[in-house]
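Peer 1: Can you read through this structure? Questions will come right after.
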Amino acid sequence: QLVESGGGLVQAGASLRLSCKASGVIMSMFTGSSRGWYRQVPGEQRELVADISSGLSERYADDVKGRFTISRDNTKRTIYLQMTDLKPDDTAVYYCHLNYFGTEYWGQGTQITVSS
Numbered sequence: 042q043l044v045e046s047g048g049g050l051v052q053a054g055a056s057l058r059l060s061c062k063a064s065g066v067i068m069s070m071f072t073g074s075s076r077g078w079y080r081q082v083p084g085e086q087r088e089l090v091a092d093i094s095s096g097l098s099e100r101y102a103d104d105v106k107g108r109f110t111i112s113r114d115n116t117k118r119t120i121y122l123q124m125t126d127l128k129p130d131d132t133a134v135y136y137c138h139l140n141y142f143g144t145e146y147w148g149q150g151t152q153i154t155v156s157s
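So for the sequence shown, this note's numbering puts the first residue at 42; every next one is plus one.
Structural data, given as structure tokens:
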């Protein structure tokens, strides 16, 4: 089970940190997974924001590069997304994602709303 926290309503330029706790996941599964964050706005497809592979390679969507940073704490089975300089276009529901050899797990989503 993936449980996100840290969303909310903020003004443009603010920072937020999302957390995603993976419960019931053994260490080898957590470290062996691709772990990431996606976001979705109504009427649009869910899109990758950032992810970190089992080999610790990081990927970012072009529009968040330099503003968002993904990290993980294996001992806590937790994934983080540090977001800075938030923009109204970042408004979306953010989902935590785990991909373990093709088996995907999703969190329930957390809303982030950025006002101008």
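A virtual CB, placed ideally from N, CA and C, is assigned to each residue, including glycine.
Tell me whether D92 sits in a helix, a strand or coil according to DSSP, three-state version.
Peer 2: By 1-based counting over the sequence shown, the position of residue 92 is 51. DSSP places D92 in strand when its eight states are reduced to three.
Peer 1: Please look up how many angstroms separate the CB atoms of I120 and G48, rounded, as I've assumed it's under 8 Å.
Peer 2: Numbered from 1 along the sequence shown, position 79 holds the residue referred to as residue 120. Numbered from 1 along the sequence shown, position 7 holds the residue referred to as residue 48. So it is not a contact: roughly 14 Å between Cβ atoms.
Peer 1: G96 to L122, Cα distance in whole Å?
Peer 2: The sequence position of residue 96 within the sequence shown is 55, counting from 1. The sequence position of residue 122 within the sequence shown is 81, counting from 1. Cα to Cα, G96 sits roughly 18 Å from L122.
Peer 1: Just to confirm before moving on: does the CB-CB distance between N140 and T72 stay below 7 Å?
Peer 2: As a first step, residue 140 must be located in the sequence shown, where it is residue number 99. As a first step, residue 72 must be located in the sequence shown, where it is residue number 31. No. Outside cutoff.
Peer 1: Give the straight-line distance between the Cα atoms of V51 and S156, rounded to the nearest whole angstrom.
Peer 2: Counting from 1 along the sequence shown, the entry for residue 51 is found at position 10. Counting from 1 along the sequence shown, the entry for residue 156 is found at position 115. Whole-angstrom Cα-Cα distance: 6 Å.
Peer 1: Do you know how far the Cα of L127 is from the Cα of K14?
Peer 2: The chain is shown from 42 up to 157; residue 14 falls before or after that span and cannot be answered.
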